[in-house]
Amino acid sequence: MGLELLNTLILSLLVVVAVLSLWVRDLVVSAVVFGIYSFLMCLLWAEMGAVDVAFTEATVGAGASTVVLIATVFNLRRKSKD
Amino acid sequence: MKRVALLLVLCVGLLLAWAARDFPTWGDPSSPASASPVSSHFIANTGVDTEVPNMVTAVLADYRGFDTMLETVVVFIAGLAVVSILRGGPNRRTRDREFVVESEPDLIVTNTVRLIVPVIQIFAFYVLAHGHVSPGGGFQGGVAMGASFILIALSWDLKTALSRFPIERCFTVAALGILIYAGIGLFSMLLGGEFLDYAHLSKFLPVSPEMARYHAMLGVEIGVGFTVTAIVFALYASLSTDGRMRDGL
């Protein structure tokens, strides 16, 4: 029961964060929110027992790709038009 | 146009949600993935064949070693492509940036990073070396190692990080990683096996064929770690400077 509740919480947060990362106009904020998305995915994998996948998601998804996205935004206009 | 796109996205979303009802429940032993003879073969034989406790690593680095080798090659080519596309090009973009970083490296940040980077690097080695015993492996350890160099670049500047790990050396190290991986494969071929058939390395190493597979898995993970470390850092260095390799974040 506790796990079900946690899963539901993580999955509904995932939907909110996914929509939010497209919604915000500031691309840096969008990249950070996308990092939160990766971290929630990592929690979900770990909770399902796929620790190897969770580890990869935490390092690559939440760590490296957020940094790479922000480094890319640094060379673009920060505000998105749509 | 936006409304049409929204409608389409909603339709596809509903369709996917509807299709998800067909999925087996989590942990269902009769789901196709769990019931297939391949899974039960790996579960029954990994410990016998390779003496590796972490089944995921055994499948990744041994049973499907060819797949992982070419995955590493993909990482290498992707890094090479990004760096060469951003570096080349006749019309140098000298667009004005919205925010320019000209501040001195912050005392508190640099000293914290000074303390934290060795810990990250030792943890990366641990993850790499323990990949076949506990969760982890070459990809994760490599990214953690690359991230420590990114941290140096973020807290001092890119010049400091590049003086420790020049971009040319990045590609030497990345290629070396693939050479280590393919070299272990070729070496087992020389000893009479097939490509990446690590069990034949027992003719060279003073261990049983099972332990030879165990040690060869560590070897190929080290190769993967080399490539991923170098490419993660090269990607950051190239993307944060628009290919110029100076005045980065």
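Residue numbers (my numbering), protein chains in the order written: chain A, 1 to 82; chain B, 1 to 249.
Virtual Cβ for every residue (Gly too), placed ideally from N, Cα, C.
None of the values given here were measured: they were computed from a predicted structure.
When we look at the beta-carbon of Phe139 of chain B and count the other beta-carbons within 10 Å, is it buried (16 or more) or exposed? So Phe139 of chain B ends up on the buried side.
- Query: If we count the other Cβ atoms within 10 Å of its Cβ and call it buried at 16 or more, is Met245 of chain B buried or exposed?
  - Reply: buried
Closest Cβ-Cβ distance between Gly63 of chain A and chain B: below 8 angstroms? Cβ-Cβ to chain B under 8 angstroms: yes for Gly63 of chain A.
**Asked** Going along chain A in order, which residues have a C-beta closer than 9 angstroms to the C-beta of Ser240 of chain B?
**Response** Val67, Val68, Ile70, Ala71, Thr72, Phe74 and Asn75
- For the alpha helix (DSSP H) containing Phe233 of chain B, list its first residue and its last residue. Pro209 to Ser240
Checklist entry - According to a CB-to-CB cut-off of less than 9 angstroms, which residues of the stretch 113 to 124 of chain B neighbour chain A? => result none
Evaluate the contact criterion for the stretch 14 to 31 of chain A versus the stretch 109 to 121 of chain B: three or more CB pairs, one atom per stretch, below 8 angstroms. no
>> Taking 8 angstroms as the threshold (beta carbon to beta carbon), is Met48 of chain A in contact with chain B?
In response: By this cut-off, Met48 of chain A is an interface position.
Quiz item: Would you say Trp156 of chain B faces chain A, with C-beta separation under 8 angstroms as the test?
Solution: no
Requested in this report: Quick one: measure Cβ to Cβ for Arg87 of chain B and Gly243 of chain B, integer angstroms, because I've assumed they're closer than 8 angstroms.
Outcome: 4 angstroms
(message) Spatial neighbours of Val173 of chain B within its chain, please: C-beta separation below 6 angstroms, excluding the five flanking residues on both sides.
(response) Phe226 and Ala230
Report the option in B:Gly137, B:Ile152 and B:Glu221 whose CA atom is closest to the CA atom of Pro105 of chain B. B:Ile152
Exercise for the section: In angstroms with no decimal places, state the Cα-to-Cα distance between Ser208 of chain B and Ser39 of chain B. Expected result: 25 angstroms
Next item on the list: Jot down the residue ranges of each uninterrupted alpha helix (DSSP H) in the stretch 173 to 208 of chain B, minimum 4 residues, whole runs only, in chain order.
Entry: none
Please list, in chain order, all residues of the same chain as Glu57 of chain A whose beta carbon is under 7 angstroms from its beta carbon, the five residues on each side excluded. Sequence-distant partners of Glu57 of chain A (beyond 5 residues in either direction) whose C-beta falls short of 7 angstroms from its own C-beta, in its chain, are Ser38, Met41, Cys42 and Trp45.
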